[in-house]
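Take a look at the structure set out below.
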Amino acid sequence: MGIPQPFSDAIKLFVKEQAKPTPANKSPFMVAPTMALILALMMWAVYPHSHQSYFLQFSVLYFLCVSSMNVYATFMAGWSSNSKYALLGALRGVAQTISYEVSMSLILLSALVLTMTMDFTKMISYSWMLLMLMPLTVTWFITSLAETNRTPFDFAEGESELVSGFNIEYSSGLFAMIFMAE
Numbered sequence: 001m002g003i004p005q006p007f008s009d010a011i012k013l014f015v016k017e018q019a020k021p022t023p024a025n026k027s028p029f030m031v032a033p034t035m036a037l038i039l040a041l042m043m044w045a046v047y048p049h050s051h052q053s054y055f056l057q058f059s060v061l062y063f064l065c066v067s068s069m070n071v072y073a074t075f076m077a078g079w080s081s082n083s084k085y086a087l088l089g090a091l092r093g094v095a096q097t098i099s100y101e102v103s104m105s106l107i108l109l110s111a112l113v114l115t116m117t118m119d120f121t122k123m124i125s126y127s128w129m130l131l132m133l134m135p136l137t138v139t140w141f142i143t144s145l146a147e148t149n150r151t152p153f154d155f156a157e158g159e160s161e162l163v164s165g166f167n168i169e170y171s172s173g174l175f176a177m178i179f180m181a182e
């Protein structure tokens, strides 16, 4: 019964009128959600598959570059609204993302040294190493949760201040794009 609910919510948000804050910087305010959604969709290019029509030789490097670019979209979304609460949420999110990006890069570097490849598709043949490197796998999982601001690591939202993070000034379609990017 609840499967069509996200689709109906997305349609409702895209149909609503966009309210732009008066002091906002208009072009970065509009570009930031679009950039966040495009970067999130670009991450699907590194999804390992068996079909060789689309092949990224350096998919690990591509993954690190695209995931680190999300910092710019987050900061631009918070800064462009000219709201001190949105900027504070953006700075919290950027600081958290950058700090966990370092540990994620080091974990990937150790996996690259062991497998001697920079391609996620070729790394699948080394999946037996997950059992051997269980502490590294658990650390990767925890770092991925922190990188995406999931439940135990959602510091940027600051519920004690009743502020939702960098996206407090966004509504309708732009908010839907930020929500889909997260």
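At position 176 of the sequence shown (counting the first as 1) the number is 176 in the UniProt record's numbering, and the numbers step up by one without a gap. In this text, a Cβ means the ideal position worked out from N, Cα and C, and glycines have one as well.
| Query | Result |
| --- | --- |
| Length of the line joining the Cα atoms of L136 and R92 | 26 Å |
| Residue from A45, H51, Y54 with nearest C-alpha to C65 | A45 |
| N-terminal and C-terminal residue of the alpha helix (DSSP H) that S129 is part of | In the sequence as presented, Ser is not what sits at residue 129; that position holds Met. Segment 129–132, the alpha helix (DSSP H) holding M129. |
| CB-CB length for A86 against A32, believed under 8 Å | Contact flag wrong, Cβ pair sits at about 11 Å. |
| Within the stretch 83–116, ranges of the alpha helix (DSSP H) (whole runs, at least 4 residues) | 84–115 |
| I38 - containing alpha helix (DSSP H), residue span | 26–42 |
| I124 to M42 span [Cα, whole Å] | 20 Å |
| Minimum C-alpha distance to A24 - residue among K122, S81, M35 | S81 |
| C-beta contact flag for N70 and A40 at 9 Å | yes |
| With 16 other Cβ atoms within 10 Å as the buried cut-off, status of L37 | buried |
| Straight-line Cα distance separating D119 from V60 | 6 Å |
| Buried versus exposed call for Y170 [16 or more other C-beta atoms within 10 Å across all chains shown] | buried |
| Cβ pair F29, K20 closer than 9 Å | yes |
| Nearest neighbour of E101, chosen from T22, G165, P152, A146 [CA to CA] | A146 |
| Whole-angstrom distance between G173 and W140, CA atom to CA atom | 33 Å |
| Reduced DSSP secondary structure (H/G/I, E/B, other) of K20 | coil |
| For N167 and residue 191, the rounded distance between their alpha carbons | In this structure the chain extends from 1 to 182, so residue 191 is not present and cannot be described. |
| Among N149, L13, T143, S27, the one whose alpha carbon lies nearest that of F175 | L13 |
| Same chain, Cβ closer than 7 Å to F75, five either side skipped, listed in chain order | A90, V94 |
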